[in-house]
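Note sheet for the following structure.
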Amino acid sequence: MTTEVVCKRNSPFRFLHKLPIRLTFTEKKASPLVISDLAKQDELKKRTHILECAWNQEDEEEEEEVVTEVVDGSEETDSNHDIYGDIGNRAPNEFEQIGRFTTFKVYIAWFALFLFAHIREYVTRFGFVKDLSSKENQKMKDFVPLFSDFEAFYQRNCYIKVRDVFERPICSVPGATVDLVDRVSHDGNWTYEYPGTRTNVINVGSYNYLGFAQSAGPCADKSAASIDSEGLSCCTTVHERGRSISQAKLEKLVAEFLGVEDAICFSMGFATNSMNAPCLVDKHSLIISDKYNHASLILGCRLSGASTKVFEHNDMESLEKILRDSIAYGNPKTHRPYKKILIIVEGIYSMEGSICNLPGIIALKKKYNAYLYLDEAHSIGAMGKTGKGVVEYWGCDPRDVDILMGTFTKSFGSAGGYIAGSKRTVDHLRVASPTGYYSSPMSPPIAQQIYTSMSIIMGRDGTNDGAQRIERLARNSHYFRMKLKQMGFIVYGSNDSPVVPMLIYFPTMCGFYGREMLARSIGCVVVSFPATHMTEGRVRFCISAAHTKEQLDEVLSTVDTLGSMSRSKFSRRSHLYKNLKIEW
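Using the UniProt record's numbering, read the sequence shown as starting at 1 and increasing by one per residue.
This is the structure:
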């Protein structure tokens, strides 16, 4: 039997800790000291691919012989395999790029859009067209403007033309299907008339990943029952009166579900990031943020007063360079070392559909003694064998992540957010967070909805309904993504992600897809500038476990038809999937 001992020395010479020195002993004879090749460390620094930074046990077995313990005559391999396949062989993030000529045409489309916008402004100014927009009073023109001139110009002339594909009011539960209130505009989307009818559409726009957004069932029943016992609101703040019983039980369950010491819940997901990030760092700290982090994280970084640096999306080489330089040069404002370095990333990026390279980030975090803040708003419940997010998806230890954050608005069909981690960190947030002084606790039926849905995911209801939902979501996501690629569309992100961004690039395509999909009874989300880059307009599909294969096939058939009509099948890799048999 062979045993490995990794030697680490607690000394001021920390660079020696990085030397991979292994002492190998055997029962028959003493083994010599084996020092692995230092080039292995240099190679690790260059591993920026999402798969290469994951721990791949096959590579280690090729370098040195490792004896695996056998229990009852069988190897323990179940922990390395789940519904997504082997942990060391995850689906990579894909970002297929278009040619320069197509990019140039997208810029030309934007140029034409702004050109006609200026012409419209000129015609409106001289009274040829009635001005329906809201503008500041001319008598107050010498005062500081309330909003940016460009933002107002963009809203009046660009956004308003496609406003009908956004802000659609719904009048039912946002499940696999949803009812939209019909509306008509006769003045270019400035105002709407409501005829009193509704349209039922297939819902691929809501974040209802596990299908818990239901008006009937155990979640709805127990939430309604909590109103009778606890009411709708606590009508106070946490520090004045306290939290509800439902919220107190929920916080314990969240900590147990994530495998950490403690957790704290908040009534708003956006505020969970923006209001609590300032409690963790100060002006003497450094925040290293991913390029595509959510607006709530960006606002939290700004409010904290800490220095902020941005690394390229999911690029471990870029992250390590910033870490190394920040430690070497310190804070340029004070010419002193940073007291704390906090890395902030997301589990699944809502606009890219990509999954963060958590093993690589954890490795760098440990190497440079930084802290890690992981936002699992879109991944908690939706990823991992038992729904525990990207931490479980990658097979990482939740204790390696200092701050675990997530929201309940997606997979749990409710509202609010949480922060979990060590008891010391959570106790600090209970005292220092502004939400404890200036916002109300979670509404009891909201907390009960989360508690019941999370209990179902954990199997505490005595069924395997939660496991079936997670598996069905994984099947639906993979099937839908592969079908789109086979049709010739460019799809960003990982094949395991339930967020499916389909690139259409041109701004005019957003209005086309939004209207034509609705005309065919499909509700989706179209996204363009400023939510994305000017040249990367997209249709974003959010897949749910509530969707049936027939519903997905109907959506795919419609998208295929519209893609042929608009010539928006830009992928040059469709031949790779042409003869691929895609099974649900």
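For every residue, glycine included, the Cβ atom is placed at its ideal position computed from N, Cα and C. Keep in mind the model is a prediction, meaning the values are calculated, not measured.
Exercise. Secondary structure at Leu-580, three-state DSSP: helix, strand or coil?
Worked result: coil
Exercise. Using the beta-carbon count (16 or more within 10 Å), is Met-140 buried or exposed?
Worked result: Under this definition Met-140 is an exposed residue.
Exercise. Rounded to the nearest angstrom, how far is the Cβ of Tyr-505 from that of Thr-102, given a contact under 8 Å?
Worked result: 7 Å
Exercise. Using the C-alpha atoms, what's the distance from Ile-327 back to Tyr-368?
Worked result: 8 Å
Problem set entry | C-beta contact flag for Val-391 and Leu-342 at 9 Å | no
For this session: Would you identify the three-state DSSP class for Leu-374, choosing helix, strand or coil?
Result: strand
For this session: Using only alpha-carbon positions, find the residue among Ser-443, Asp-375, Arg-538 that is nearest to Ser-267.
Result: Ser-443
Exercise. What is the DSSP secondary structure of Asn-93, counted as helix, strand or coil?
Worked result: coil
Exercise. Going by the C-beta, is Ser-215 closer than 8 Å to any heavy atom of the ligand PLP?
Worked result: Of ligands this structure carries none, so the ligand PLP is not represented either.
Exercise. Where does Leu-232 fall in DSSP's three states?
Worked result: Assignment of Leu-232 by DSSP, reduced to helix, strand and coil, places it in the coil class.
Exercise. Hey, Asp-560 and Met-509 are a contact pair by Cβ (cut 8 Å); roughly how many whole angstroms apart?
Worked result: That pair is no contact at about 15 Å.
For this session: Return the chain-ordered list of same chain residues with a C-beta closer than 7 Å to the C-beta of Arg-198, the five sequence neighbours on each side being excluded.
Result: Excluding positions up to five away in sequence, the list reads Cys-171, Asp-179, Leu-180, Val-181, Asp-182.
For this session: Can you have a look at His-294 and say buried or exposed, based on whether 16 or more other CB atoms are within 10 angstroms of its CB?
Result: With 16 or more other Cβ atoms within 10 Å, it is buried.
Exercise. Roughly how many angstroms lie between the CA atoms of Pro-32 and Ala-363, to the nearest whole one?
Worked result: Here Pro-32 scores only 39 on pLDDT, less than 50, and its place in the model should not be relied on; the value that follows carries that caveat. Going by the C-alpha atoms only, they are around 28 Å apart.
For this session: Ignore the nearest five residues each way along the sequence and tell me which others in residue 628's own chain have a CB closer than 8 Å to its CB.
Result: Residue 628 is absent from the model: the chain starts at 1 and stops at 584.
For this session: Taking Arg-168 and Asn-189 to be in contact with their CB atoms under 8 Å, please state how far apart those CB atoms are, rounded to whole angstroms.
Result: Going by Cβ atoms, the distance from Arg-168 to Asn-189 rounds to 12 Å, so no, they are not a contact pair.
Exercise. Is DSSP giving Phe-541 helix, strand or coil here?
Worked result: strand
Exercise. Is the Cβ-Cβ distance between Ala-415 and Leu-210 less than 9 Å?
Worked result: no
Exercise. Where does Val-499 land, buried or exposed, given buried means 16+ other C-beta within 10 angstroms?
Worked result: buried
Problem set entry | Sub-9 Å separation of Leu-232 and Pro-445 beta-carbons | yes
For this session: Would you mind sorting Tyr-329 into buried or exposed? The rule is 16 or more other CB atoms within 10 Å of its CB.
Result: exposed
Exercise. Which first and last residues belong to the alpha helix (DSSP H) in which Leu-286 is found?
Worked result: Taken as a continuous stretch (DSSP letters only), Leu-286 belongs to no alpha helix (DSSP H), being part of the beta strand (DSSP E) at 285 to 290.
Exercise. What residue does the alpha helix (DSSP H) around Phe-104 start on, and which one ends it?
Worked result: 100 to 125
For this session: Count the CB pairs spanning the stretch 535 to 546 and the stretch 509 to 525 that are closer than 8 Å, and state whether there are at least three.
Result: yes
Exercise. Thinking C-alpha only, which one of Gly-395, Ile-403, Met-316 is nearest Thr-272?
Worked result: Ile-403
For this session: Name, in chain order, the residues that DSSP records as bridge partners for Ser-307.
Result: Answer is Leu-286.
Exercise. Where does the unbroken alpha helix (DSSP H) through Val-555 begin, and where does it stop?
Worked result: Looking at the DSSP string, the run of the alpha helix (DSSP H) that includes Val-555 is 549 to 566.
Exercise. Nearest to Leu-258 by CA position, among Ser-422, Ala-447, Tyr-84, is which residue?
Worked result: Ser-422
For this session: Helix, strand or coil for Thr-452, going by three-state DSSP, please let me know.
Result: helix
For this session: Within its chain, find whatever has a CB closer than 7 Å to the CB of Lys-483; leave out the 5 residues flanking it on each side and keep chain order.
Result: The residues are Leu-556, Ile-582.
Exercise. What is the rounded straight-line gap between the Cα of Pro-218 and the Cα of Thr-548?
Worked result: 21 Å
Exercise. First and last residue of the alpha helix (DSSP H) that includes Asp-465?
Worked result: 465 to 487
Exercise. Apart from the five residues on each side of it in sequence, which residues of its chain come closer than 7 Å, Cβ to Cβ, to Lys-28?
Worked result: In this prediction, Lys-28 has a pLDDT of 35, which is less than 50 and means its spatial position is unreliable; nothing more can be read from the coordinates.
Exercise. So the beta strand (DSSP E) Ile-362 belongs to, where does it begin and stop?
Worked result: First-last for Ile-362: 358 to 367, but that is the alpha helix (DSSP H), not the beta strand (DSSP E).
Problem set entry | Range of the contiguous beta strand (DSSP E) that encloses Thr-407 | Per DSSP, Thr-407 belongs to the beta strand (DSSP E) from 403 to 407.
For this session: Grab me the residues of Thr-463's own chain with a C-beta within less than 8 Å of its C-beta, minus the 5 sequence neighbours each way, in chain order.
Result: Ile-456
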